[in-house]
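Just add 5 to the spot in the sequence shown (first one is 1) and you have my numbering.
Structure first, then comments.
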Amino acid sequence: MSDYLVIVESPAKAKTIERYLGKKYSVKASMGHVIDLPKSQMGVNVEENYEPKYITIRGKGPVLKELKTAAKKAKKVYLAADPDREGEAIAWHLAHGLNIDETSECRVVFNEITKDAIKESFKQPRKIDMDLVDAQQARRVLDRLVGYNISPLLWKKVKKGLSAGRVQSVAVKLINDRENEIKNFQPEEYWSIDGMFAKDQEKFEGAFYGVQGKKQKLGSKEEVDKILSQMKGKDFNVDKVNKRERKRNPAAPFTTSSLQQEAARKLNFKAKKTMMLAQQLYEGIELSKKDGTVGLITYMRTDSTRVSDTAKKEAAQYVEEKYGKNFLGYGGNKGKKSQNAQDAHEAVRPTSTIRDPKTMKQYLSRDQYRLYKLIWERFVASQMAPAVMDTMTVHLLNEGIEFRATGSKVKFKGFMKLYVEGRDDNKKEEDKLLPELEEGMTVKAESIEPNQHFTQPPPRYTEARLVRTLEEMGIGRPSTYAPTLDTIQRRGYVSLDSKRFVPTELGEIVIDILKEYFPEIINVDFTVEMEENLDAIEEGKKQWVQVIDEFYQGFEKRLDKAEKEMEEIEIKDEPAGEDCEECGHEMVYKMGRYGKFMACSNFPDCRNTKPILKEIGVDCPKCKEGNIVERKSKKNRTFYGCDRYPECDFISWDKPISRPCPKCSSLMVEKKSKKKVQVQCTECDYKEEAQ
């Protein structure tokens, strides 16, 4: 029998920790929460100081019973749930469920699952932090009061299955507002004049800047023609050459938010997938027989960019040995702290720099490896020296008309030798070199081209942009971003179009209702203030019951008003323009999890449904009778197939094009990569750049 019982959340974590602690310790998993608010009712007694009604979660009775039996046999029980508010609440519930004195030193926390970190944490057990528990309790109660009061109202007045939550409602509102900005956007005309210049045989690009040293915007063709008419000949005088050295610092190590953003940009991962893989890397991966199971990264729910001195020293040693002393940084990039960062943990980083991605690849799945490589490279790069860039700006004059040419080249790569942060615009960074130019020289303009442009509306939100916006506004916390994005898609409030969020009709209706009756729920300032109140509870500066009561007094009045005044909204089904082939009734458009689909209007007597098929103007190459249509897989991935399915089973993940291959007359498809779109034959080796 073991002397000590340690309780963690997951079996993977239990397995890793047990090996580090030795035979005197038995480590068991609670499988997450064992005690929580009931799902079938609100579970909050508003009349009794918002007292939560906690129950053993359905199906968790045997788990709790097993833990009770083990706890009775142990000399001491340690509660080692995750080091955050939710983990503290799990530990508190376990203490009550197992009759452990919550004021005893029963709580153990660690930021990484490594031998040294685990052993050190067990030397410093502490009491359960009730301020942390109260902050989590306040969030749960608040979300219950909002969700379990507004959601039934939406069910009754709009449609079954709807829900409203604080963070998810603000996220949907942001997406709706952006769509309205795009719809109402009025493009404005503007012009540019681009020149191709030559010095001897070397060519370089420049662009119109202004007249007589003053910058000038070009708003019409008339203004462009006036500029062009003032210029004489093709000779430009090099009026000024500015050269300077510029340093570029590495990005800070990952927080939860920046990890989700960068994984979306570079790996095309959804936030939910990123967090699932990060959890696996944190809890432990089976390595060699000698090493056993090892946690490869630190705790992945954090808003801090802090790094321990030990990790800095190890990274510095690695950088010096691998790249040389001149690549060493100055103690790491601290980064910019987000406005409501709790700074409770370290940044997301590898638990050991020595475990480089190349060495770890054999033990990891493809996606685990890609995420680990991203985390490892970002961290090591953050401890490296800045890159040094040589920049050059050349001022070119012709009759007082000024063009400017800019160029830069990397003088010293520094951290860029290992890693460069991704960009939302997907522009590739590369050297843009200019020839050696000096003041007084003359260069020739080989071409001067005016170009008309129109301003573009703001882009729709990608997952990465939305996470960044929520973080910048101080809405939600590291643990809330992934579930929020998942929920708003599952509820049908938004859909994804080319990996960008688009509001659905349902999403717009729900936000309009919340605007009218519950404006505080979608008010950004209110949501931020509530997050600050939760932080104040965690810091012991506010009482959680007081914070909830201040909110509920006004909320209850608006709830009563909405119940009396809100009219039922009928979302009419839009006719699809065809009849059901099974019963003859009209088919209508319905909104589902993955967007619109066709269903029989005679539901529930007839349950016939059909996907909406989008023709792409290509004949089926297999049966020669059908047309190729765009379809969606169960995972919402676009593919292409014959509209005569199941008679014809042609399928392609790549978009077919109407032109046959000029070499062998077979089907050609579009092949997309991050950098370009290519058209290539499905049978022979013919390729061409997409037009």
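Positions of the beta carbon are idealized from the N, C-alpha and C atoms, including for glycine.
Per the Cβ contact rule, the segment 362 to 380 is in contact with the segment 289 to 305 (3 or more Cβ pairs under 8 Å). With a 10 Å radius around the Cβ and a threshold of 16 neighbouring Cβ atoms, Ile527 comes out buried. Beyond the five residues adjoining it in sequence on each side, Leu539 comes within less than 7 Å, by CB distance, of Ala140, Ala143 and Arg144 in the same chain, given in chain order. The beta-bridge partner set that DSSP reports for Ala604 consists of Val593 and Thr614. Counting along the chain, the unbroken beta strand (DSSP E) around Leu402 starts and ends at Ala392 to Asn403. A buried status is given to Lys65, since no fewer than 16 other beta-carbon atoms sit within 10 Å of its beta-carbon.
When DSSP reads this structure, Asp584 sits in a beta bridge with Glu591.
With respect to Arg473, Arg505 sits apart: the two C-beta atoms are not nearer than 7 Å.
When the Cα atoms are used, Leu439 and Asn254 turn out to be separated by approximately 24 Å. Contact check for Gly412 against Lys449 fails: the beta carbons are separated by 7 Å or more. Our two residues, Glu110 and Gln129, have alpha carbons roughly 9 Å apart in a direct line. Counting along the chain, Val229 sits inside the alpha helix (DSSP H) bounded by residues Lys226 to Gln235. At the C-beta level, Leu402 and Asn185 stay beyond 7 Å of one another. Within the DSSP bridge table, the entry for Cys647 names Ile633 as partners. The three-state secondary structure of Pro130, taken from DSSP, is coil. Contact between Ile198 and Ile118 fails: their C-beta atoms lie close to 60 Å from each other, not under 8 Å. A Cβ-Cβ distance of about 6 Å is found for the pair Glu351 and Asn116, placing them in contact under the 8 Å criterion. According to DSSP, residue pairing for Met673 in a beta bridge involves Ile662 and Cys686.
When beta bridges are read from the DSSP output, Lys437 appears opposite Ser413.
For Ile187, no beta strand (DSSP E) run applies; the uninterrupted alpha helix (DSSP H) run containing it begins and ends at Arg171 to Asn189, by DSSP. The C-beta distance from Phe420 to Pro455 rounds to 40 Å, too long to meet the 8 Å contact threshold. Per DSSP, Glu107 lies in no beta strand (DSSP E) segment and is marked neither H nor E.
Following the DSSP letters along the chain, one finds Ala75 inside the alpha helix (DSSP H) bounded by residues Gly66 to Lys78.
When the alpha-carbon of Glu513 is set against those of Glu536, Gly497 and Asp554, the nearest one is in Gly497.
Nearest Cα to Lys418 within the set Phe408, Met389 and Arg409: Met389. Per DSSP, Leu376 lies in no beta strand (DSSP E) segment; the continuous alpha helix (DSSP H) that holds it begins and ends at Arg371 to Ser387. Taking C-alpha positions only, Lys577 is separated from Glu525 by approximately 29 Å. Arg24 is the residue among Lys80, Arg24, Thr398 and Ile518 whose C-alpha sits nearest the C-alpha of Lys294. Going by C-alpha positions, Cys689 is about 17 Å away from Lys627. Ranked by Cα distance from Glu568, the options Leu159, Arg470, Ser45 and Glu207 are led by Leu159. Apart from the 5 residues on each side of it in sequence, Cys588 sits with its Cβ closer than 6 Å to the Cβ of Asn607 and Cys611 in its chain, given in chain order.
With contact defined as three or more Cβ pairs closer than 8 Å, the segment 59 to 73 and the segment 27 to 45 are in contact. The segment 549 to 564 makes contact with the segment 36 to 56: 3 or more CB pairs, one atom from each, lie closer than 8 Å. Annotation for Asn331: no beta strand (DSSP E) segment contains it, and DSSP assigns it neither H nor E. Note: Thr298 is bridge-paired with Glu291 in the DSSP secondary-structure output.
The beta-bridge partner set that DSSP reports for Tyr195 consists of His458.
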